[in-house]
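Undergrad: If you read the protein sequences in the order shown, they are chains X and D.
So for the first sequence, my numbering puts the first residue at 1; every next one is plus one.
So for the second sequence, my numbering puts the first residue at 1001; every next one is plus one.
Even for Gly, the Cβ is constructed at its ideal location relative to N, Cα and C.
Predicted, not measured: the structure shown is a model, and the values here were computed from it.
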Amino acid sequence: MTTPDQHQDTPPQNRPQSRPQNMGAFTPEAQAEDTCTKPSFYAYFIKRPIVGAFSLLTGMGITLKTLCNVTSTVTQEYPENRDTLTMPPAFRGQVIMPHDEEGEHKCTACTLCEKACPNGTISVLPMKNIANKKVLGKYIYRFDQCTLCSLCVEACPFDAIRMGNDFEHATVDKDSLVMVLNEKEGRL
Amino acid sequence: MDTSTHQPVQQSVAERLDPHTATTPLGDWVRELCDAPDGGNLLSMTINVIIIIIAICAFSSLTAMVLVWMERKLAGRFQRRLGPTRTGPFGLLQTAADGLKLFLKEGFRPNASDPFTYYLAPLLPLTGAFMVLAVIPFGPSMWIADPELGLIFISAIAGLGVLALLIGSWGSNNKYSLMGGLRAGAQAISYEVSLILCFLLIVLASGETNLLNIVEGQQGNFWNWWIIKLPGAGFIAFIFFIITSTAELNRTPFDTTEAESELTGGFHTEYSGIAFSMFFLAEYVHMFIAAAIGATLFLGGYNAPFEFLPDGWWWLMAKSYAIIFLYIWFRWTFPRLRIDQLMALEWKFLLPLSLINLVFAGILIAMGWIL
Chain X
1 MTTPDQHQDT PPQNRPQSRP QNMGAFTPEA QAEDTCTKPS FYAYFIKRPI VGAFSLLTGM
61 GITLKTLCNV TSTVTQEYPE NRDTLTMPPA FRGQVIMPHD EEGEHKCTAC TLCEKACPNG
121 TISVLPMKNI ANKKVLGKYI YRFDQCTLCS LCVEACPFDA IRMGNDFEHA TVDKDSLVMV
181 LNEKEGRL
Chain D
1001 MDTSTHQPVQ QSVAERLDPH TATTPLGDWV RELCDAPDGG NLLSMTINVI IIIIAICAFS
1061 SLTAMVLVWM ERKLAGRFQR RLGPTRTGPF GLLQTAADGL KLFLKEGFRP NASDPFTYYL
1121 APLLPLTGAF MVLAVIPFGP SMWIADPELG LIFISAIAGL GVLALLIGSW GSNNKYSLMG
1181 GLRAGAQAIS YEVSLILCFL LIVLASGETN LLNIVEGQQG NFWNWWIIKL PGAGFIAFIF
1241 FIITSTAELN RTPFDTTEAE SELTGGFHTE YSGIAFSMFF LAEYVHMFIA AAIGATLFLG
1301 GYNAPFEFLP DGWWWLMAKS YAIIFLYIWF RWTFPRLRID QLMALEWKFL LPLSLINLVF
1361 AGILIAMGWI L
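1. Apart from the five residues on each side of it in sequence, which residues of its chain come closer than 7 Å, Cβ to Cβ, to LYS134 (chain X)?
2. Would you tell me roughly how many angstroms separate the C-alpha atoms of MET1131 (chain D) and GLU1032 (chain D), rounded to the nearest one?
3. Can you give me the C-alpha to C-alpha distance between LEU56 (chain X) and ILE1050 (chain D), rounded to a whole angstrom?
4. So with Cβ pairs under 7 Å, would you call THR84 (chain X) a contact of chain D?
5. Quick one: is THR1264 (chain D) near chain X, going by C-beta distance under 7 Å?
6. Just checking my contact of PHE1240 (chain D) with LEU1350 (chain D) at CB under 8 Å: how many whole Å lie between their CB atoms?
7. Fully enclosed by the stretch 1133 to 1196 of chain D, which alpha helix (DSSP H) runs are 4 residues long or longer?
8. Would you kindly work out how many angstroms separate the C-alpha atoms of GLU168 (chain X) and LEU177 (chain X), rounded to a whole number?
9. Can you tell me the Cα-Cα spacing of LYS1229 (chain D) and ILE1152 (chain D), whole angstroms?
10. Name the one or two DSSP bridge partners that GLY142 (chain X) has.
11. From this set, D:LEU1342, D:SER1113, D:ALA1292, which residue's C-alpha is nearest TYR1327 (chain D)'s C-alpha?
12. So which residues of chain X does ARG1080 (chain D) contact, with C-beta pairs closer than 9 Å?
13. Should PHE972 (chain D) and PHE1238 (chain D) be called a contact, given that it needs their Cβ atoms to be closer than 7 Å?
14. When Cβ atoms are compared, which residues of the stretch 1316 to 1348 of chain D fall closer than 7 Å to chain X?
15. DSSP beta-bridge partners for LEU125 (chain X)?
16. Should PRO93 (chain X) be flagged as near chain D, meaning a C-beta pair shorter than 7 Å?
17. Using CA atoms only, rank isn't needed, just tell me which of D:LEU1026, D:PHE1306, D:VAL1285 is closest to ILE1324 (chain D).
18. Is the shortest distance between the beta-carbon of MET87 (chain X) and the beta-carbons of chain D less than 7 Å?
19. Measure how close the beta-carbons of PHE1108 (chain D) and SER1320 (chain D) come, nearest whole angstrom, since I'm counting them as under 8 Å.
20. Classify SER1187 (chain D) as buried or exposed, calling it buried when 16 or more other Cβ atoms lie within 10 Å of its own Cβ.
21. Does any residue of chain X bring its CB to less than 7 Å from the CB of ARG1077 (chain D)?
22. Are any of the Cβ atoms in chain D nearer than 7 Å to that of MET97 (chain X)?
23. Taking only beta-carbon positions, decide if GLY59 (chain X) is within less than 7 Å of chain D.
24. How about PHE1279 (chain D) and SER1169 (chain D): are their beta carbons less than 7 Å apart?
25. How would you list, in chain order, the residues of chain X whose beta-carbon sits under 9 Å from the beta-carbon of THR1085 (chain D)?
26. Using a Cβ cut-off of 7 Å (strictly closer), state whether THR147 (chain X) contacts chain D.
27. In the structure shown, what three-state DSSP assignment does MET1317 (chain D) receive?
28. Given this structure, state the Cα-to-Cα distance separating GLY1088 (chain D) from CYS68 (chain X), to the nearest angstrom.
29. Can you name, in chain order, every residue of its own chain whose Cβ lies under 7 Å from the Cβ of VAL1162 (chain D), other than the five neighbours on each side?
30. Applying the criterion that 16 or more other CB atoms from any shown protein chain within 10 Å of the CB defines a buried residue, is LYS1073 (chain D) buried or exposed?
31. Rounding to the nearest angstrom, what Cα-Cα distance links ILE1157 (chain D) and GLY1150 (chain D) in this structure?
32. In terms of alpha-carbon separation, which member of X:ALA170, X:GLN94, X:ILE46 lies closest to TYR141 (chain X)?
33. Give me whichever residues DSSP pairs with MET163 (chain X) in a beta bridge.
34. At a Cβ cut of 7 Å, what residues of the stretch 45 to 58 of chain X count as close to chain D, listed as they run along the chain?
35. For ASP144 (chain X), count neighbouring C-beta atoms within 10 Å of its own C-beta (all shown protein chains included) and say buried if the count is 16 or more, exposed if not.
36. Determine, using beta carbons only, whether THR1333 (chain D) and GLY59 (chain X) come nearer to each other than 7 Å.
Right, here's the structure in full:
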């Protein structure tokens, strides 16, 4: 604790600035001008109720519009609409690696995703191809450790992985959650 | 000054049954069974009273069930959800399922609470609700009691619900409960003033405190209802009635009594199981009662909006449910008021404006400027 005497010893520029410089409504001059603490009769009793009533009516209009617009419902009745279920674009299921028609993926085994992962979910195991070039051998993804944070997808410079839409992951076998994402090893 | 202007004589009055002496077919049948066609004897009166009590209990629980379902369904739709869908068709049995769950729950009483007040409180609000339901005229012959001072009776009984909250919050021996109960008390005392000024305006306009006479005075087309019949003043009083009754019901935006974010449930924090369900049930029955009183006073009660349509209980129901829809609409639109804003709204705005409106209505009535 600093006593007032100690406070006067330190020069003003070195005093700790715990409070803001602008004291706002605490000075008498500011208090006289401050309309926040003491609104005028017009502002408090005439303007505020009218503006407030209009804003309340605006809010009621918005909720009524939502009520009447039946198609605006976002609820998915899941087990019934399982076949036609569409997930929102930002949904984050498990990490998947898309493959094109020839069964090729875009991964270059750069291991940026492995480094971006905060809990060691991904292990990229590279291998050498015939041309002695580093290509992806196995892309091991441990779903039981994944928190679906999507940091790996953001780290990937080649769009080789993305977050899938699948969410029915219940299983009794923990080992089945460790999976290899690429379909074939190596690449020419 | 023409005194006859504010009580227009309708041509059809003579053809209508006098609602004060009209009887229901069921009551007549019971009296005939008991060999007392007119007046009735002790047996027929006992049977009729039992029928009435069963009817009130059934009506209250059914109303609460329908209103809880309606509230949840509308809340879902207001928030782009579907509301309950799994229990029965359209989720209609959701309230029954909830009630069953609450019945099966353990009735838990905190150690430090006072048993008498703790168990007394859940019984009171529904008692008050039954007493008010007894005087509401549902139809020309559908009423239980017809006291001369019906409106004063209602305003006296309406405070009983708040008494229950105060007793329950005190008996729970929980600081959050007590805060909620005290807030409810302060709120009820404040808003009762404006509410009774709204009642007073109707008493001034119709010259009656008997609810049946108030309804009979609004016969005819919809412009004979007090909301329109008193130009301007009636509509303002109706808006004030909606605001103050929302506050009396402790509903959002005036639900500082419960205020989940501040008081963890307010007065019913320590209640569980059937005691909580009694509070919950009473809340919705009170909501119907407030809407029915509003419909009776301002919207012509059981009178049809046009002369050629038949009057009956269905009109009171339709009007009440329209007002209940307003309450639900308010709840799912407006944010909660802070307790000081709540008090400022009553004492700085509603009370002076109600008084001015009452004077304005008095001038209208004295000058005969009534539709």
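TA: Judging by the given coordinates:
1. Result list for LYS134 (chain X): ALA109, PRO126, LYS128, in chain order.
2. Spanning the two alpha carbons is a distance of roughly 28 Å.
3. Between the C-alpha atoms of LEU56 (chain X) and ILE1050 (chain D) there is a straight-line separation of about 46 Å.
4. With its beta carbon at least 7 Å from every one in chain D, THR84 (chain X) lies outside the interface.
5. So no, THR1264 (chain D) is outside the interface.
6. About 6 Å separates the two Cβ atoms, so the contact holds.
7. Within the stretch 1133 to 1196 of chain D, the runs of alpha helix (DSSP H) at least 4 residues long that lie entirely inside it are, in chain order, 1150 to 1157, 1159 to 1172.
8. Within the model, the alpha-carbon separation for GLU168 (chain X) versus LEU177 (chain X) is close to 12 Å.
9. Taking the straight line from one Cα to the other gives about 23 Å.
10. Strictly speaking, residue 142 (chain X) in this sequence is Arg, with Gly absent from that position. Its beta-bridge partners are X:VAL178.
11. Residue D:ALA1292 is the option with its Cα nearest to TYR1327 (chain D).
12. Within chain X, THR66, ASN69, SER72, THR73, VAL74, THR75 have C-beta atoms less than 9 Å from the C-beta of ARG1080 (chain D), given in sequence order.
13. This structure leaves residue 972 (chain D) out entirely; chain D is present only between 1001 and 1371.
14. For the stretch 1316 to 1348 of chain D, the beta-carbon criterion of a distance under 7 Å to any beta-carbon of chain X is satisfied by TRP1329, TRP1332, THR1333, PHE1334.
15. According to DSSP, LEU125 (chain X) bridges with X:LYS138.
16. Sequence inspection shows Gly at residue 93 (chain X); the Pro mentioned does not correspond to that position. Not closer than 7 Å to any Cβ of chain D, the Cβ of GLY93 (chain X) fails to qualify, so no.
17. Nearest option by C-alpha distance: D:VAL1285.
18. For MET87 (chain X), the closest Cβ of chain D is not nearer than 7 Å.
19. The C-beta distance from PHE1108 (chain D) to SER1320 (chain D) rounds to 35 Å, too long to meet the 8 Å contact threshold.
20. Note on residue identity: the sequence assigns Gln, not Ser, to residue 1187 (chain D). It counts as buried.
21. Yes - at least one Cβ of chain X is within 7 Å of the one on ARG1077 (chain D).
22. Not an interface residue.
23. GLY59 (chain X) counts as touching chain D.
24. Taking 7 Å as the Cβ cut-off, PHE1279 (chain D) and SER1169 (chain D) do not qualify as a contacting pair.
25. Within 9 Å of the CB of THR1085 (chain D), the CB atoms of chain X belong to THR75, GLU77, in sequence order along the chain.
26. It does not: the Cβ of THR147 (chain X) has no partner Cβ on chain D nearer than 7 Å.
27. When secondary structure is reduced to three states using DSSP, MET1317 (chain D) falls in the helix class.
28. Distance between the alpha carbons of GLY1088 (chain D) and CYS68 (chain X): 23 Å.
29. Sequence-distant partners of VAL1162 (chain D) (beyond 5 residues in either direction) whose C-beta falls short of 7 Å from its own C-beta, in its chain, are ALA1184, GLY1185, ALA1188.
30. Under a 10 Å Cβ-count criterion, LYS1073 (chain D) is classified as buried, with 16 or more other Cβ atoms of the shown protein chains found around its own Cβ.
31. Within the model, the alpha-carbon separation for ILE1157 (chain D) versus GLY1150 (chain D) is close to 10 Å.
32. Of the candidates X:ALA170, X:GLN94, X:ILE46, the residue whose Cα lies closest to the Cα of TYR141 (chain X) is X:GLN94.
33. Beta-bridge analysis with DSSP links MET163 (chain X) to X:VAL95.
34. Residues PRO49, LEU56.
35. Residue burial annotation: ASP144 (chain X) is exposed, with fewer than 16 other C-beta atoms found within 10 angstroms of its C-beta.
36. In this structure, GLY59 (chain X) lies closer than 7 Å to THR1333 (chain D) by Cβ.
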